[in-house]
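Residue numbers (the numbering used here): 7 to 135.
All C-beta atoms in this analysis are idealised placements derived from N, C-alpha and C, irrespective of residue type, glycine included.
Worksheet: the structure to be examined is printed underneath.
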């Protein structure tokens, strides 16, 4: 069986290429790794990933707006947000938008893979506050 495809959108190069990519590579086929929201939307359109992992604080288009645009054209894509911000309103907004999860960066090591699995199964995952 083919690995699910994933798009990473994270503006911090060290987090993106030094941490997220190595963590996800054994489990997913990485189709794009970008540093801002506009690039994320373009990459999602070009590659049609199974999962899009977006930083809430992307430059250009912020994570929520990039997620909205991705889902407009690819409702089958599972979009998860990652953030440094522990805000219940962000989690509620993610749910209301039909996103698949909200993962705190401080919990990426333990929460990211279960969050992606939950998303692929149609669920919503949130890091505990």
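Next item on the list: May I ask you to verify whether the segment 18–29 touches the segment 51–58, counting CB pairs closer than 8 Å and requiring at least 3?
Entry: no
Check: Would you say the segment 88–102 touches the segment 37–47, given that touching needs at least three Cβ pairs under 8 Å?
Finding: Under the 8 Å Cβ criterion, the segment 88–102 does not count as touching the segment 37–47, having fewer than three qualifying pairs.
Margin query: Considering only heavy atoms of the ligand SAH, does any lie closer than 6 Å to the CB of residue 126?
Written below: Because no ligand of any kind appears in the structure shown, any question about the ligand SAH cannot be addressed here.
Check: Just the Cα atoms here: how many angstroms apart are residue 96 and residue 37?
Finding: 27 Å
Checklist line | Neighbourhood of residue 3 by C-beta, 6 Å cutoff - its chain only, sequence neighbours within 5 removed | finding: The first residue shown for the chain is 7 and the last is 135, placing residue 3 beyond what the model contains.
Check: How about residue 69 and residue 77: do their beta carbons lie closer than 7 Å?
Finding: no
Next item on the list: Taking residue 102 as the reference, give the member of 118, 130 and 112 with the closest Cα.
Entry: 130
Margin query: For residue 4, count the other beta carbons within 10 Å of its own beta carbon; 16 or more makes it buried, fewer makes it exposed. Which is it?
Written below: The question about residue 4 has no answer here: the residues shown for the chain are numbered 7 through 135.
Next item on the list: May I ask you to report which of helix, strand or coil DSSP gives residue 12?
Entry: strand
Next item on the list: Could you check if residue 112 is buried or exposed, using at least 16 other CB atoms within 10 Å of its CB as the buried criterion?
Entry: exposed
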